[in-house]
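*Asks:* So for the sequence shown, UniProt numbering puts the first residue at 1; every next one is plus one. From the three backbone atoms N, C-alpha and C, an ideal C-beta is built for every residue, glycine too. Have a look at this one before I ask anything.
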Amino acid sequence: MSNRAFTLLLIIAGSVILAFNSLVIVRETERAVMLKFGEVVAPDLATGLHIKIPFVNTVRKFDRRILTLDAPTQRFLTIEKKPLDVDFYAKWRVSDTAKFYTATNGEEVRAEGLLAQRINTGLRNKFGERTFHEVVSGERDSLMTDLTRDLNQITVDEFGIELVDVRVKRIDLPAQVSQSVFDRMKSEREREAREHRSTGRELAEKIRATADRERTVIAANAYRDAEVIRGEGDAQAAKVYASAYQADGEFYAFIRSLTAYKTAFADQGDILILDSESDFFRYLNKGAEK
Numbered sequence: 001m002s003n004r005a006f007t008l009l010l011i012i013a014g015s016v017i018l019a020f021n022s023l024v025i026v027r028e029t030e031r032a033v034m035l036k037f038g039e040v041v042a043p044d045l046a047t048g049l050h051i052k053i054p055f056v057n058t059v060r061k062f063d064r065r066i067l068t069l070d071a072p073t074q075r076f077l078t079i080e081k082k083p084l085d086v087d088f089y090a091k092w093r094v095s096d097t098a099k100f101y102t103a104t105n106g107e108e109v110r111a112e113g114l115l116a117q118r119i120n121t122g123l124r125n126k127f128g129e130r131t132f133h134e135v136v137s138g139e140r141d142s143l144m145t146d147l148t149r150d151l152n153q154i155t156v157d158e159f160g161i162e163l164v165d166v167r168v169k170r171i172d173l174p175a176q177v178s179q180s181v182f183d184r185m186k187s188e189r190e191r192e193a194r195e196h197r198s199t200g201r202e203l204a205e206k207i208r209a210t211a212d213r214e215r216t217v218i219a220a221n222a223y224r225d226a227e228v229i230r231g232e233g234d235a236q237a238a239k240v241y242a243s244a245y246q247a248d249g250e251f252y253a254f255i256r257s258l259t260a261y262k263t264a265f266a267d268q269g270d271i272l273i274l275d276s277e278s279d280f281f282r283y284l285n286k287g288a289e290k
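This is how it looks when you write it as structure tokens:
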């Protein structure tokens, strides 16, 4: 290869490198700022293709989308001085590229550190103004809304960051406090259980006594009704017997004698000594006379 061709090849390669370093593309998901020797000259480049001076201008790109800050668990005190371990997260995005670059040097990690400090301070102040119940359930949503609104004004002015939302994922009592609370809740539940069992036993005794009384009353009424029915039956039977006896007294006496014979001679081992002329043998003697 001749010197001329080699020189031409170097010129072409240098031109390509120069052109490559002179063009910058800003995508729709990005925001960018152009610097000139470290000084901001174009605070917010539009989406598309841009030209810069190599080795003079530098373009720093940031994510345009909403980002998530997942902060580590922090401990805050309520107005009653009760400690709470709070796990929270925040949604944020870059709103002012110049301020964001100046405050954080364009580093997301540094931005999240500054943002976490502001949120921790805000949460500490908000928790310190409220009771345990208000923090856990009563005013939790309004607390987060007020905190987001107040902090957003600060983060936009100082860091160029729009704080979209701050939410608490979980609020726990510290381990030692949780154990004492658990023990107290356990003792209260055991006390309630004992009360319920005592009340249940009392009701069971009342129900059992009522059932026994009702059983006694029902049995007495049934026995009374049975005796009344039995008496009525005996009276009806006696009436029938009397009517039958009046209809044919001799036949009725004969039937009664046969029943007496059957009963008297049922067991062959029994010995009965009677006068042959007694009324017991009246119908037998009459049969023998005929």
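Considering only the beta carbon of each residue, do Ile161 and Leu123 sit closer than 8 Å?
*Replies:* Residue mapping note: residue 161 aligns to position 161 of the sequence shown, counting from 1. Residue mapping note: residue 123 aligns to position 123 of the sequence shown, counting from 1. Against a cut-off of 8 Å, the Cβ pair of Leu123 and Ile161 comes out as no contact.
*Asks:* Please specify which runs of the beta strand (DSSP E), each continuous and at least 3 residues long, are wholly inside the segment 140 to 182, giving them in chain order.
*Replies:* Runs of the beta strand (DSSP E) inside the segment 140 to 182: 161 to 172.
*Asks:* If you reduce the DSSP assignment to three classes, tell me which class Val86 lands in.
*Replies:* For the purposes of this step, residue 86 is identified with residue 86 of the sequence shown, where counting begins at 1. Strand, per DSSP.
*Asks:* Going by the CB atoms, is the gap between Ser95 and Pro54 shorter than 8 Å?
*Replies:* Counting from 1 along the sequence shown, the entry for residue 54 is found at position 54. Counting from 1 along the sequence shown, the entry for residue 95 is found at position 95. Their beta carbons are not under 8 Å apart, which means Pro54 does not touch Ser95 by this criterion.
*Asks:* Give me whichever residues DSSP pairs with His133 in a beta bridge.
*Replies:* Sequence index remark: in the sequence shown, residue 133 carries index 133 (1-based). Bridge partners of His133: none, in fact.
*Asks:* Find out if the Cβ-Cβ distance for the pair Phe100, Phe159 is shorter than 8 Å.
*Replies:* For the purposes of this step, residue 100 is identified with residue 100 of the sequence shown, where counting begins at 1. For the purposes of this step, residue 159 is identified with residue 159 of the sequence shown, where counting begins at 1. Closer than 8 Å, so yes.
*Asks:* Any idea if Ile119 is buried or exposed, counting beta-carbon neighbours within 10 angstroms, 16 or more meaning buried?
*Replies:* Working through the sequence shown from its first residue, we reach residue 119 at position 119. Ile119 is buried by the Cβ-count criterion.
*Asks:* CA-CA distance, Ala209 and Arg191?
*Replies:* Within the sequence shown, residue 209 is the residue found at index 209, counting from 1. Within the sequence shown, residue 191 is the residue found at index 191, counting from 1. Near 27 Å, if we compare the C-alpha coordinates of Arg191 and Ala209.
*Asks:* Might you give, ordered along the chain, the residues of its own chain that have their beta carbon closer than 6 Å to the beta carbon of Ala204, omitting 5 neighbours on each side?
*Replies:* Within the sequence shown, residue 204 is the residue found at index 204, counting from 1. Closer than 6 Å at the Cβ level, and outside the excluded window around Ala204, lies no residue.
*Asks:* What is the rounded straight-line gap between the Cα of Asp141 and the Cα of Pro83?
*Replies:* Residue mapping note: residue 141 aligns to position 141 of the sequence shown, counting from 1. Residue mapping note: residue 83 aligns to position 83 of the sequence shown, counting from 1. Roughly 20 Å separates the two Cα atoms.
*Asks:* Pro72 to Thr104, Cα distance in whole Å?
*Replies:* For the purposes of this step, residue 72 is identified with residue 72 of the sequence shown, where counting begins at 1. For the purposes of this step, residue 104 is identified with residue 104 of the sequence shown, where counting begins at 1. Rounded to the nearest angstrom, the two C-alpha atoms are 20 Å apart.
*Asks:* In chain order, what residues of the same chain have a beta carbon less than 8 Å from the beta carbon of Arg31, not counting five sequence neighbours either side?
*Replies:* Working through the sequence shown from its first residue, we reach residue 31 at position 31. For Arg31, where only same-chain residues beyond five positions count, the Cβ hits under 8 Å are Asp44, Leu45, Lys61, Phe62, Asp63, Arg64, Val94, Thr97.
*Asks:* Going straight from the alpha carbon of Ile154 to that of Arg184, what length do you get?
*Replies:* The residue labelled residue 154 in the question sits at position 154 within the sequence shown. The residue labelled residue 184 in the question sits at position 184 within the sequence shown. Cα to Cα, the separation comes out at about 43 Å.
*Asks:* Count the other CB atoms, across all protein chains shown, that sit within 10 Å of the CB of Glu112; report buried if there are 16 or more and exposed otherwise.
*Replies:* By 1-based counting over the sequence shown, the position of residue 112 is 112. By the 10 Å Cβ count, Glu112 comes out buried.
*Asks:* Quick check for students: name the residue ranges of the alpha helix (DSSP H) that lie wholly in the segment 45 to 105, counting only runs of 4 or more.
*Replies:* Those alpha helix (DSSP H) runs which fall completely within the segment 45 to 105 and span 4+ residues are 97 to 104.
*Asks:* Find out if the Cβ-Cβ distance for the pair Thr78, Thr145 is shorter than 8 Å.
*Replies:* Position 78 of the sequence shown holds residue 78. Position 145 of the sequence shown holds residue 145. No.
*Asks:* Label Val228 either buried or exposed according to how many other C-beta atoms from any shown protein chain fall within 10 Å of its C-beta, with 16 as the threshold for buried.
*Replies:* Sequence index remark: in the sequence shown, residue 228 carries index 228 (1-based). Flag for Val228 reads exposed.
*Asks:* Answer with buried or exposed for Val166, where buried requires no fewer than 16 other C-beta atoms within 10 angstroms of its C-beta.
*Replies:* Taking the first residue of the sequence shown as 1, we reach residue 166 at position 166. Per the 10 Å Cβ criterion, buried.
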